[in-house]
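K.L.:
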Amino acid sequence: MSSAATPIPVGARTRSPLGERLFHYCATAALSFEVLFISTVILAAAWYVDLDDLKATVSSPSMRYAMRMSITSVTITTLISVTLAIPAAYALSHYRIPFAPVVDTILDLPIVMPPIAAGMTLLVLFGYYLGEPMSALGIYLPHTPAGVVVAQFFTTMTFAVRSSKAALDGISPRLPRVARTLGSNEWRAFRRVTLPLAKPGLIAGVVVTWSRCLGLFGPVVMFCGATEFRTQVMPTAIYINTSVGKLEEAVAGALILVVFALVTLIIFKRLGGRGYMW
């Protein structure tokens, strides 16, 4: 025995054409505003300085040291972060971690922690609690180039872990399981199956971690200061130039960082990076 289905009024299932157009215009307007706002901010800075200002900034001994210091420290920090992040991400992705919500929360703290607070906590730990025993061993981190690496590592290691985990999560767990049934141990399956498949995502994570390190200001200036020709990196050099009235040099330095960021973003997109940039 069957009964005919009750027809649903068409008007109850569809939006009016006016409502659809209004929604379309609002969404497009919001997107246009954001793109226009970002473009205007960057173009205004580019319009403010000329080629002579850029040349003077690049040839400045202080800024050249800041650029070298930035690139060197950021590269070291990224290598350390990624070396630790890949096995940590593998553990998060494949193992049953005790107190997993607590571990996740602790890992995410450096991302949500205010940068000034991050620098202050590092200063308390390595300056007050560990300063004396470490100095007895000839190791002192606050206000040193090594401290710059520590500040960068503390703030950006979570980005390396999260990006690596996202890349590993994209690999089907069936593939390494098949490799293990064929006689490979876990390490060999990881090295020969999981790692090659996750390589584009892992490299994209390296690029993003490097870029995030490059723009750090708060933790570095709180933990290491901004001593010229010692701990001064690009963000702190820009801040100092602004504070002493050298606005052209500051804007030129900011544009250099924008160029680095743009190149990083292009590389990230070419490597297929998507949702694990932040």
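Residue 850 is where the sequence shown starts when you use my numbering, and the numbers rise one by one after that. Glycine residues also receive a C-beta, built at the ideal position from the N, C-alpha and C atoms.
Provide the residue span of the alpha helix (DSSP H) that contains G868, from first to last.
P.N.:
Its alpha helix (DSSP H) spans residues P866 to Y897.
K.L.:
Assuming V1070 contacts G968 under a Cβ cut-off of 8 Å, what Cβ separation, rounded to an integer in Å, is found between them?
P.N.:
About 7 Å; that satisfies the 8 Å criterion.
K.L.:
Mind checking whether L971 and F1003 have CB atoms under 8 Å apart?
P.N.:
Yes; because the gap between Cβ atoms is below 8 Å, this pair is in contact.
K.L.:
Here's the rule: buried if 16 or more other CB atoms are within 10 angstroms of the residue's CB, otherwise exposed. What is K904?
P.N.:
Its Cβ having fewer than 16 others within 10 Å, K904 is exposed.
K.L.:
By the 10 Å Cβ neighbour count, where 16 or more other Cβ atoms means buried, how is A1086 classified, buried or exposed?
P.N.:
Buried: at least 16 other Cβ atoms inside 10 Å.
K.L.:
If you draw a straight line from the alpha carbon of A985 to that of M918, how long is it in whole angstroms?
P.N.:
Rounded to the nearest angstrom, the two C-alpha atoms are 27 Å apart.
K.L.:
Near S922, which residues of its chain fall below 8 Å by C-beta distance, leaving aside the five closest residues on each side in sequence?
P.N.:
Once the five neighbours on either side are set aside, the close Cβ partners of S922 are P994, V997, V998, Q1001, C1062 and V1082.
K.L.:
Between which two residues does the alpha helix (DSSP H) containing G1067 stretch?
P.N.:
Unbroken alpha helix (DSSP H) run through G1067: G1067 to C1073.
K.L.:
With H, G and I counted as helix, E and B as strand and the rest as coil, what does DSSP make of I935?
P.N.:
Residue state, collapsed to three classes: helix.
K.L.:
In angstroms with no decimal places, state the Cα-to-Cα distance between L1106 and E1097.
P.N.:
Approximately 14 Å, taken between the alpha carbons.
K.L.:
Any idea if V1112 is buried or exposed, counting beta-carbon neighbours within 10 angstroms, 16 or more meaning buried?
P.N.:
Per the 10 Å Cβ criterion, exposed.
K.L.:
Within 10 angstroms of the Cβ of I946, are there 16 or more other Cβ atoms? Answer buried if so, exposed if not.
P.N.:
It is exposed - the Cβ of I946 has fewer than 16 other Cβ atoms within 10 Å.
K.L.:
Just how far apart, CA to CA, sit L1104 and A895?
P.N.:
For L1104 and A895, the distance between alpha carbons rounds to 7 Å.
K.L.:
Please state whether DSSP places V1093 in a helix, a strand or coil.
P.N.:
Three-state DSSP puts V1093 in coil, outside helix and strand.
K.L.:
Between which two residues does the alpha helix (DSSP H) harbouring F1008 extend?
P.N.:
Run containing F1008: P994 to D1018, per the alpha helix (DSSP H) assignment.
K.L.:
Using the C-alpha atoms, what's the distance from A1101 back to P1049?
P.N.:
Distance between the alpha carbons of P1049 and A1101: 33 Å.
K.L.:
Under DSSP, the alpha helix (DSSP H) around T970 begins and ends at which residues?
P.N.:
Here the alpha helix (DSSP H) through T970 covers P964 to L972.
K.L.:
Just to confirm the assignment, what range does the alpha helix (DSSP H) spanning L1046 have?
P.N.:
Taken as a continuous stretch (DSSP letters only), the alpha helix (DSSP H) holding L1046 covers L1044 to L1063.
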